[in-house]
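Q: Input: one structure, supplied below.
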Amino acid sequence: MQEILHGTMSLEKFRFQIRHNYQYLLEYTRCWAVGFSKCRGFDEMYDWYQILSSTMEGTVLHNRDFWAQQLGVSMDELEATIMAEGKRSYTSHQLARAMEGGLPECMMALFPCNILYRFFGDDLLPQCTLPKENLYYQWLEFYTLPAYRAKCDNEIRMVDALCGGATPRDRARLLEIFAESCNYEFLQWRDMYCKMETWPLPELFSPKFTTIPQ
1 MQEILHGTMS
11 LEKFRFQIRH
21 NYQYLLEYTR
31 CWAVGFSKCR
41 GFDEMYDWYQ
51 ILSSTMEGTV
61 LHNRDFWAQQ
71 LGVSMDELEA
81 TIMAEGKRSY
91 TSHQLARAME
101 GGLPECMMAL
111 FPCNILYRFF
121 GDDLLPQCTL
131 PKENLYYQWL
141 EFYTLPAYRA
151 KCDNEIRMVD
161 ALCGGATPRD
171 RARLLEIFAE
181 SCNYEFLQWR
191 DMYCKMETWP
201 LPELFSPKFT
211 TIPQ
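Next up, the structure:
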């Protein structure tokens, strides 16, 4: 994050982050859809739909359209990216919690992603001295926009509603899920993005379907 704050991250590393984060966000959106399928009435369905739609129409498309264009990453490159091991482990954790648990478990697995990026924007953008047209400034600024802040506020309200009445035992279990997701968020920056780590044997993967000539 310090490299983004000071504008010293290489474009190669930034492209790597955008490509793999795009693949992650597709799976992340699927997890919200799993939660949506477990909603018990209109109010819950409406709350989850708001997050699901804003994630797909806002964050996913922002990575797919704006950042891909800014960084010269083609749609074929985005779609052909094989999600790195760190991201795959993270989404497997989120999907497992969403599938095996109820709405509280699903929420606690997904909550750290959006809220931590909001903290990135709130904490780091005021420290950023880069020009506003700089790519890294714009990346941080996205997580301070009113629409993104509103989505996070909505998630905080949902966490309170879903988890506020939990027993001490259930609360400890939910906090464990939350802590696991927070650790995955930390690991992806420390290991995957900084070191550009993918899989130890990437040559074993067959190329994804793409219109790029083989």
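Residue numbers (UniProt numbering): 1 to 214.
Just so it is clear, CB atoms sit at the ideal spot from N, CA and C, and this is done for glycine as well.
Considering only their Cβ atoms, is the gap separating glutamate 176 from proline 112 smaller than 7 Å?
A: Counted from its first residue, the sequence shown places residue 112 at position 112. Counted from its first residue, the sequence shown places residue 176 at position 176. Not a contact, by the Cβ cut-off of 7 Å.
Q: Taking Cβ positions, are cysteine 128 and glycine 35 nearer each other than 7 Å?
A: Position 128 of the sequence shown holds residue 128. Position 35 of the sequence shown holds residue 35. For cysteine 128 and glycine 35, no; Cβs fall outside 7 Å.
Q: Specify, as a first and last residue, the run of the alpha helix (DSSP H) that isoleucine 115 falls within.
A: Walking along the sequence shown from the start, residue 115 turns up at place 115. It spans 103 to 124 - the alpha helix (DSSP H) in which isoleucine 115 sits, taken as one unbroken run.
Q: Could you tell me if histidine 20 is buried or exposed, where buried requires 16 or more neighbouring beta carbons within 10 angstroms of its beta carbon?
A: Here the question's residue 20 lines up with position 20 in the sequence shown. Its Cβ being crowded by 16 or more others within 10 Å, histidine 20 is buried.
Q: Taking the beta carbon of glycine 41 as the centre, do at least 16 other beta carbons fall within 10 Å, making it buried, or is it exposed?
A: Numbered from its first residue, the sequence shown carries residue 41 at position 41. Exposed.
Q: Report the three-state DSSP secondary structure of valine 159 (helix, strand or coil).
A: Numbered from 1 along the sequence shown, position 159 holds the residue referred to as residue 159. Here valine 159 sits in helix by DSSP.
Q: I'd like to check one pair, methionine 196 with phenylalanine 66: are the Cβ atoms closer than 7 Å?
A: Taking the first residue of the sequence shown as 1, we reach residue 66 at position 66. Taking the first residue of the sequence shown as 1, we reach residue 196 at position 196. No, these two residues do not count as a Cβ contact at 7 Å.
Q: Please classify glutamine 214 as buried or exposed, where buried requires at least 16 other C-beta atoms within 10 Å of its C-beta.
A: Stepping through the sequence shown from its first residue, residue 214 is reached at position 214. At glutamine 214, the pLDDT of 44 sits below 50, so the modelled position is not reliable and the matter cannot be decided from this model.
Q: Which residues bound the alpha helix (DSSP H) around cysteine 31?
A: As a working note, residue 31 is residue 31 in the sequence shown. Counting along the chain, the alpha helix (DSSP H) containing cysteine 31 begins and ends at 11 to 37.
Q: Measuring CB atoms only, is the segment 82 to 102 touching the segment 119 to 139, in the sense that at least three cross pairs come out at less than 8 Å?
A: Touching, no, given that fewer than three Cβ pairs across the two stretches are closer than 8 Å.
Q: Thinking C-alpha only, which one of His62, Ile82, Cys194 and Glu44 is nearest glutamate 141?
A: Indexing the sequence shown from 1 puts residue 141 at position 141. With distances taken between Cα atoms, glutamate 141 lies closest to His62.
Q: If you draw a straight line from the alpha carbon of alanine 172 to that of methionine 108, how long is it in whole angstroms?
A: Indexing the sequence shown from 1 puts residue 172 at position 172. Indexing the sequence shown from 1 puts residue 108 at position 108. Going from the Cα of alanine 172 to the Cα of methionine 108 covers about 12 Å.
Q: Excluding the five sequence neighbours on either side, which residues of its own chain have a C-beta within less than 8 Å of the C-beta of tyrosine 152, listed in chain order?
A: The count along the sequence shown starts at 1 and reaches residue 152 at position 152. In the sequence on display, residue 152 carries cysteine and not tyrosine. Counting only Cβ-Cβ distances below 8 Å, and skipping sequence neighbours, we find Asn114, Ile115 and Arg118.
Q: Thinking C-beta only, is leucine 103 closer than 7 Å to cysteine 31?
A: Working through the sequence shown from its first residue, we reach residue 31 at position 31. Working through the sequence shown from its first residue, we reach residue 103 at position 103. Result no, Cβ atoms of cysteine 31 and leucine 103 do not sit closer than 7 Å.
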